[in-house]
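Chemist: Provided herewith is a single structure, encoded as structure tokens, for subsequent inquiry.
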Amino acid sequence: MGTTPAPSTHRPELTGITGNRLRRLDLVFAALAAMLAVFHLLVALSGTMPGPAALIEVVLAVLFVPAFAVWRSRVVPAAIALTVLTVAWTVNWFTALPTNLGISPFLVAVPMVVYSTARYCSDLLVPGVFTTIQAVWCFFSPLLWWWTPDHFERATGVQAASWVALQWLVLGLVFVSARSARSAERHLVAEQEAARERERAGVAREIHDVLAHSLTLINMQAGAGVMLGGGATDRRAEILSTIQKVSSEALEEVRGIVGTLRDDSPPTSVTGMAGIRDMVGEFRSAGLTIEAPLPEGEVSDSQVVRLTLRRVVQEALTNVLRHQGQGSTVTLTVEVTDVVCVVVVDSRAGGPVPRRTRHSGAGLTGVRERVEHLGGTLDVDVSDPAHVHLAASFPVVAP
């Protein structure tokens, strides 16, 4: 059975609908920081605050924008940036006293640092260090200052201690909440992985008990037919030989799929370019005229990408033979860059298009799901049954 890789220490995985919502929320934080930067820029341009403090505040406000935008996708760099910027902001704020520089990002940035490191870092060392730094910095919090009609006044004694203790309590709650959310997510991921493992095992059993068994019988019967063919029935022997060869390959592929379902790694025997060339040869023998300038090397180091390429070509040629019939001409091109693989299959029927037979369409749906899983696209134009165009594009590096 496959094992679940340990989550990244410094970079959370944001996927699906939840990931999109989180990214949008990050952009909201960045937008608010940008609005704050614009506000401070307008204040600086108005000239109401003398000295360089207002200009420094504008620069710091601008630097907060990218830090807020990546506070969950680049946890440690963002936490360092937010901490440094908060310290610089506070130093500038103290330097400008008794001038009031306005809204401080302290009350937002400090809890965000604690939450992001506690939520997305696997060990306790990183969030522990950052939480300690933020706790110490609470002694310099803007909450310890009050604006009187003519100057700022700092809280002292019990009042100051109470405000510091309140901030520590808030940071503690943020820390505990983040670790609890992390634990709950890991538990959910473990449950989902266990469910996937059970499903893979069930599918593997079904394939082995039904399909593999049937293909084994076909292979054995075809082999017996070849042995009985004799010289007077060369054509029959040739046909039976083809059946034996194809069924043997199919049986090997089923065994590979069963292995894939059990250990979660794609079968290496069916995913290379050599296998695709053999497949093209088989379809030529079946009656298709195929022009296929294929690349010499492998399209990717990823077995998942190679298997996806094979499935695209296999489904496209199968559909040509099934729906457009023998004698059809096919142009198959596979273009590969360092980033993407593009597959184009253009087919033209060699005669009247056979009447469509009823079929589920599950093959093309499955191929589309494979391509989209890699972050690619699959487009099929069947507006003219005699001229079908299929184009697939997907990254050469699996996500």
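Position one of the sequence shown corresponds to residue 1 (the UniProt record's numbering), numbered consecutively onward. All C-beta atoms in this analysis are idealised placements derived from N, C-alpha and C, irrespective of residue type, glycine included.
What are the boundary residues of the alpha helix (DSSP H) that residue 66 is part of?
Modeler: Along the sequence shown, one-based indexing puts residue 66 at 66. Taken as a continuous stretch (DSSP letters only), the alpha helix (DSSP H) holding residue 66 covers 53–69.
Chemist: Starting from the C-beta of residue 294, find all residues in its chain whose C-beta is less than 8 Å away, skip the five residues before and the five after it, and write them out in chain order.
Modeler: Taking the first residue of the sequence shown as position 1, residue 294 is located at position 294. Only 273, 276, 277, 280, 332 and 334 meet the Cβ criterion.
Chemist: Using a 10 Å radius around the Cβ and a threshold of 16 neighbouring Cβ atoms, would you call residue 94 buried or exposed?
Modeler: On the sequence shown, residue 94 is found 94 positions in, with the first residue counted as 1. Label assigned to residue 94: exposed.
Chemist: With DSSP as the reference, label residue 384 as helix, strand or coil.
Modeler: To locate residue 384, count along the sequence shown from 1; it is residue 384. Residue 384 falls in the strand class under three-state DSSP.
Chemist: In angstroms, rounded to a whole number, what distance separates the CA positions of residue 255 and residue 185?
Modeler: Here residue 255 is taken as the residue at index 255 of the sequence shown, counted from 1. Here residue 185 is taken as the residue at index 185 of the sequence shown, counted from 1. Rounded to whole angstroms, residue 255 to residue 185 spans 35 Å at the Cα level.
Chemist: Pairing CB atoms from the region 313–330 with CB atoms from the region 362–374, are three or more of them under 8 Å?
Modeler: Contact between the region 313–330 and the region 362–374 is present, because at least three Cβ pairs lie under 8 Å.
Chemist: From 27, 90, 69 and 71, pick the residue whose C-alpha is nearest to that of residue 57; which is it?
Modeler: For the purposes of this step, residue 57 is identified with residue 57 of the sequence shown, where counting begins at 1. The shortest C-alpha separation from residue 57 is found at 90.
Chemist: With distance defined between alpha-carbon atoms, name the residue in 88, 73, 96 and 194 nearest to residue 115.
Modeler: If you number the sequence shown from 1, residue 115 lands on position 115. With distances taken between Cα atoms, residue 115 lies closest to 73.
Chemist: From this set, 181, 118 and 394, which residue's C-alpha is nearest residue 76's C-alpha?
Modeler: By one-based count along the sequence shown, residue 76 stands at place 76. With distances taken between Cα atoms, residue 76 lies closest to 118.
Chemist: What are the boundary residues of the beta strand (DSSP E) that includes residue 117?
Modeler: Your numbering for residue 117 matches position 117 in the sequence shown. Residue 117 -> not in any beta strand (DSSP E); alpha helix (DSSP H) instead, spanning 106–120.
Chemist: Mark residue 198 as exposed unless 16 or more other C-beta atoms lie within 10 angstroms of its C-beta, in which case mark it buried.
Modeler: Locating residue 198 in the sequence shown gives position 198, where the first residue counts as 1. Exposed, because fewer than 16 other Cβ atoms sit within 10 Å of the Cβ of residue 198.
Chemist: With 16 other CB atoms within 10 Å as the buried threshold, where does residue 159 fall?
Modeler: One-based indexing of the sequence shown puts residue 159 at position 159. Looking at its Cβ environment, which holds fewer than 16 other Cβ atoms inside 10 Å, residue 159 is exposed.
Chemist: Give me the Cα-Cα distance between residue 407 and residue 347, rounded to the nearest whole angstrom.
Modeler: Outside the shown range of the chain, which is 1 to 399, sits residue 407, and nothing can be said about it.
Chemist: Between the Cα of residue 111 and the Cα atoms of 311, 65 and 133, which residue gives the shortest distance?
Modeler: As a position in the sequence shown, residue 111 is number 111, starting the count at 1. The residue with the shortest Cα to Cα distance from residue 111 is 133.
Chemist: Could you check whether the region 29–42 touches the region 58–72, counting it as contact only if at least three pairs of C-beta atoms, one from each stretch, sit closer than 8 Å?
Modeler: These segments touch.
Chemist: Within its chain, find whatever has a CB closer than 8 Å to the CB of residue 26; leave out the 5 residues flanking it on each side and keep chain order.
Modeler: Along the sequence shown, one-based indexing puts residue 26 at 26. Answer for residue 26: 68, 69, 70, 71, 72 and 73, listed in chain order.
Chemist: Below 8 Å between beta carbons: does that hold for residue 340 and residue 330?
Modeler: Here residue 340 refers to the residue found at position 340 when the sequence shown is read from its first residue. Here residue 330 refers to the residue found at position 330 when the sequence shown is read from its first residue. Their beta carbons are not under 8 Å apart, which means residue 340 does not touch residue 330 by this criterion.
Chemist: Checking contacts by CB at 8 Å: is residue 319 closer than that to chain D?
Modeler: No chain D appears in the structure shown, which is made up of a single protein chain.
Chemist: Just verifying my parser: in three-state terms, what is the DSSP assignment at residue 333?
Modeler: Sequence index remark: in the sequence shown, residue 333 carries index 333 (1-based). Residue state, collapsed to three classes: strand.
Chemist: How many angstroms separate the CA atom of residue 377 from the CA atom of residue 191?
Modeler: Position 377 of the sequence shown, counted from the first residue, corresponds to residue 377. Position 191 of the sequence shown, counted from the first residue, corresponds to residue 191. Distance between the alpha carbons of residue 377 and residue 191: 30 Å.
Chemist: Residue 130 and residue 96 - do their beta-carbons sit closer together than 8 Å?
Modeler: The count along the sequence shown starts at 1 and reaches residue 96 at position 96. The count along the sequence shown starts at 1 and reaches residue 130 at position 130. In this structure, residue 130 does not lie closer than 8 Å to residue 96 by Cβ.
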